[in-house]
Structures are given as C-alpha cells and as structure tokens.
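Novice: Okay, handing you the structure first.
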Amino acid sequence: MPDIKLNMTPDERPAIASHATLTRADRVYYALREDIFDMHLLPGDRLTEGAIAERFSVSRTPAREALQRLQSDGLMQGYVRGGWEVVPIDNKRFDDLYEMRQMIETFAVRKLCDNEAPPPGLHPLLDTLDGVWKVGHARRITDGRKLVELDEAFHHALIAAAGNEELTSTMQRVTDRIRVVRRLDLVHGDGIAETYDEHAAILDAIRRGDGAQSVELVSRHIGGSQASVRGLTIQRLLTARTATGREATAHAPARPRRTI
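Number 260 marks the last residue of the sequence shown (UniProt numbering); no jumps.
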C-alpha cells in the first residue's frame, strides 16, 4: 500500500520538478493549470496562444504545447487561429465524470470490505484517516482550500488501498477535471461539516467490513457533491473570484459570459 501523507501543507508537498529541468512548455503548462485550479482562470475564460507566449516570454510553440496538454487533461479546449477557452461548466460533462467517480469508488470500498482477503495495511490506513476525519468540531479545518486537499487525499487513499493502479490513475484524471467545482463546493459552499461526518461514517463502515453500507454511504456522499455542483452558476463563479481577491488574468480577454 502506498505511503500517503494525508495532512501535508502546500509547503510540504514534493515539487513537481526542479525548475532547471522543466522545459518552456512544462513551465507554461504547470502555471496555467494552477491558474485554473486556483480560480485565477474560471470556466469560460478565453485566451490566445500569442497572449500566453507574451506572458511567459516564450515562442508560440511551447505555449501551444502547454495548451494542448491542458486540452488532453480536459481543462482547456481549442478553437481556430490560436484561440483557447477554459472548459465551461457543462452539467452533462460533470454528470458523466461523477458517474465515473462513483463507479470507481464503490468498486474500491467493496474490495476493501472483503473480509476474506482484506488489502494489507488497511487498518493502519483507517487509523490514520480516523485521526484526520474523526475529530471534534474544534479541531476541524474550516479553511475550504485546505479541506479540498484533505478530501482528495481521503478518496485517493481508499482507492489506492484497493490495489488497482489503473483505477487509481483514472481517478486522478477524474479528480483533475472536477477540481474547480469541488473547490467551489467546499471553499464557497457549506459542505464542510457534512464532509467530516460523511467521511467518518464511511470509515466506520469499512472498518466493520460492511460492504453494502460502505457502498451506500459512498454513493450518497458523491451524490451530494454532484447535486451541489449542479447548482453552480456563473454568478457564483464570479463571486468566488471576488471573494479570493483576485482579478481576471491579463491574458484572458473580457467577453460576454454565457449562462450554464
């Protein structure tokens, strides 16, 4: 089972790579990806290869390569003549992603509850997760951004514990695609208390080896998150940007925003 640290701070996370080893395209890719995850760039924002190249002092070729990688990640979509757009909120797309997430996670917890052949190291992992999620109200993290990181680590730890590396990798791609709306749910929504309570209940069910209850709790937990995502509006996205004190990025030209 992987050694997963579940409460690391941003400063403790391993660096993506040494700055000296990053190509120009890598540097642009990682910077833009963080802009999207941190809501400097919001769904529907448009930018151009030329503006990106100018911002990072690179030619259009590495700018295009970075944008193409983001397109492969499901975070950007390209148009003709070097135009690009942060993938807009599309309820059908997010429904599909949440359906995939539910399939992966329910499979994983069902496997974790196999009392005849439980994954090695399961109970030490559950003990670690208990220390994060089964705490009193005074010890609960209320910073939504930190909670998003802990939430992702919780779900990935359970999936990784099931031992299927392909599912773990697929789940990471799904997480990347829904991260923006998950952040809006926890950073600017009211789902913090529910997240703690539901995670604790899931851990208890897995520890009992109750596969049916674990699947039901995970399904309900994911369904609640999905319902919150469906309620997102463009106005809420704009409010999120204002609340974080960030202005629109200089390389995202203003344009009329469409409704969801």
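Glycine is no exception: its CB is placed at the ideal position from the N, C-alpha and C atoms.
Evaluate contact between the segment 108-121 and the segment 202-219, counting only Cβ atoms and requiring at least three cross-stretch pairs below 8 Å.
Specialist: Judged by Cβ distances under 8 Å, the segment 108-121 makes contact with the segment 202-219, as three or more pairs qualify.
Novice: Can you list, in chain order, the residues of its chain with a C-beta nearer than 6 Å to that of Tyr-29? Leave out the 5 residues immediately preceding and following it.
Specialist: By one-based count along the sequence shown, residue 29 stands at place 29. So the list reads Ala-66, Arg-69, once near-sequence residues are dropped.
Novice: Going by the beta-carbon positions, is the gap between Ile-222 and Arg-46 smaller than 8 Å?
Specialist: Working through the sequence shown from its first residue, we reach residue 222 at position 222. Working through the sequence shown from its first residue, we reach residue 46 at position 46. For Ile-222 and Arg-46, no; Cβs fall outside 8 Å.
Novice: How should residue 265 be labelled, buried or exposed, when 16 other C-beta atoms within 10 angstroms of its C-beta is the threshold for buried?
Specialist: Lying before the first or after the last residue shown, residue 265 is absent from the chain, which here runs from 1 to 260.
Novice: Buried or exposed: which applies to Ile-16, given that a residue is buried once 16 or more other Cβ atoms fall within 10 Å of its Cβ?
Specialist: Residue 16 sits at position 16 when you count from the first residue of the sequence shown. Per-residue confidence for Ile-16 stands at a pLDDT of 49, beneath the threshold of 50, marking its modelled position as unreliable; no derived number is given.
Novice: Expressed to the nearest angstrom, what Euclidean distance is found between the alpha-carbon atoms of Leu-75 and Met-39?
Specialist: For the purposes of this step, residue 75 is taken as the residue at position 75 of the sequence shown. For the purposes of this step, residue 39 is taken as the residue at position 39 of the sequence shown. Roughly 12 Å separates the two Cα atoms.
Novice: Leaving aside the five residues before and after Ile-4 along the sequence, list all residues of the same chain whose C-beta is less than 6 Å from its C-beta, in chain order.
Specialist: By one-based count along the sequence shown, residue 4 stands at place 4. Caution is warranted here: a pLDDT of 46 is assigned to Ile-4, below 50, making its placement in the model unreliable, and the coordinate value is therefore given only provisionally. Correct list, in chain order: Ala-157.
Novice: Taking only the alpha-carbon atoms, compute the straight-line gap between Arg-64 and Ala-117 and give it to the nearest angstrom.
Specialist: One-based indexing of the sequence shown puts residue 64 at position 64. One-based indexing of the sequence shown puts residue 117 at position 117. Between Arg-64 and Ala-117, the C-alpha separation is close to 48 Å.
Novice: Identify, in the order they occur along the chain, each residue of the same chain with its Cβ nearer than 7 Å to the Cβ of Ala-161, setting aside the five sequence neighbours on each side.
Specialist: Counting from one through the sequence shown, the residue named residue 161 turns up at place 161. Correct list, in chain order: Met-1, Leu-112, Pro-119, Leu-122, Leu-125.
Novice: When we look at the beta-carbon of Gly-136 and count the other beta-carbons within 10 Å, is it buried (16 or more) or exposed?
Specialist: Position 136 of the sequence shown, counting from 1, holds the residue named residue 136. It counts as exposed.
Novice: Using only alpha-carbon positions, find the residue among Ala-227, Thr-61, Arg-230, Ile-104 that is nearest to Asn-164.
Specialist: Position 164 of the sequence shown, counted from the first residue, corresponds to residue 164. Answer by Cα proximity: Ile-104.
Novice: Under the rule that 16 or more other beta-carbon atoms within 10 Å means buried, what is Ser-214, buried or exposed?
Specialist: Indexing the sequence shown from 1 puts residue 214 at position 214. By the 10 Å Cβ count, Ser-214 comes out buried.
Novice: Pull the bridge partners of Met-76 from the DSSP assignment, please.
Specialist: For this step, residue 76 is matched to residue 76 along the sequence shown. According to DSSP, which records beta bridges pairwise, Met-76 is partnered with Val-86.
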